[in-house]
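**Student:** Residue numbers (my numbering): 5 to 161. Shown below is the structure under consideration.
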């Protein structure tokens, strides 16, 4: 179970929600994922994202899979994973951080989201707390992450 932040290329003339509705309308949970087919522009976006995250944040591991590109942060304050598919991306943070550690890792997640927005034109939204990543407050996200992490630790062990 992870805390997820979604980034999407908003289609011209549509809102973020309308774009998501359009993307979700064609989703078939039973179908195989389509193979990754990035355009040259999207491949360049990924190269810039990877370079900037490495330069501005620190060491990352990066992998290319048949269905998407992934990077994971290495070292403190914790693990943040970014999956990029060209017109969409998402950031995952495990529900294992609480208190000050939750704030540090969510500040990192929001920094990565803002880099993705800058380098790709994708629009980020944190639906867990209902705020855009561009202007949202990582403190609000950290409170949510910490609360769920604490609950899971107490009840799931």
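Backbone N, C-alpha and C define an ideal beta-carbon position, used for all residues, glycine too. All values derive from a computational prediction rather than experimental measurement.
1) Which residues in the same chain as residue 148 place their Cβ atom closer than 6 Å to its Cβ, once the five residues preceding and following it in sequence are excluded?
2) Is the distance from the Cβ of residue 123 to the Cβ of residue 61 below 7 Å?
3) Grab me the residues of residue 141's own chain with a C-beta within less than 8 Å of its C-beta, minus the 5 sequence neighbours each way, in chain order.
4) Note down the Cα distance separating residue 58 from residue 44, rounded to an integer number of angstroms.
5) Residue 88 by DSSP, collapsed to three states: which one?
6) Of the choices 108, 119, 103, whose alpha-carbon is the least far from that of residue 150?
7) Are the beta-carbon atoms of residue 9 and residue 154 separated by less than 7 Å?
8) Can you list, in chain order, the residues of its chain whose CB lies under 6 Å from that of residue 91, leaving out five sequence neighbours each side?
**Tutor:** Reading from the atomic positions:
1) Taking the chain shown and counting its residues from 1, the one referred to as residue 148 is at position 144. Hits under 6 Å: 132, 133.
2) Counting from 1 along the chain shown, the entry for residue 123 is found at position 119. Counting from 1 along the chain shown, the entry for residue 61 is found at position 57. Contact flag unset, no.
3) Stepping through the chain shown from its first residue, residue 141 is reached at position 137. Excluding positions up to five away in sequence, the list reads 135.
4) For the purposes of this step, residue 58 is identified with residue 54 of the chain shown, where counting begins at 1. For the purposes of this step, residue 44 is identified with residue 40 of the chain shown, where counting begins at 1. Between residue 58 and residue 44, the C-alpha separation is close to 21 Å.
5) For this step, residue 88 is matched to residue 84 along the chain shown. Reduced to three states, the DSSP call for residue 88 is strand.
6) Reading the chain shown from its first residue, position 146 is the one you call residue 150. Comparing Cα-Cα distances from residue 150 to each of 108, 119, 103, the minimum goes to 103.
7) To locate residue 9, count along the chain shown from 1; it is residue 5. To locate residue 154, count along the chain shown from 1; it is residue 150. No, the Cβ-Cβ distance between residue 9 and residue 154 is not below 7 Å.
8) As a working note, residue 91 is residue 87 in the chain shown. Correct list, in chain order: 13.
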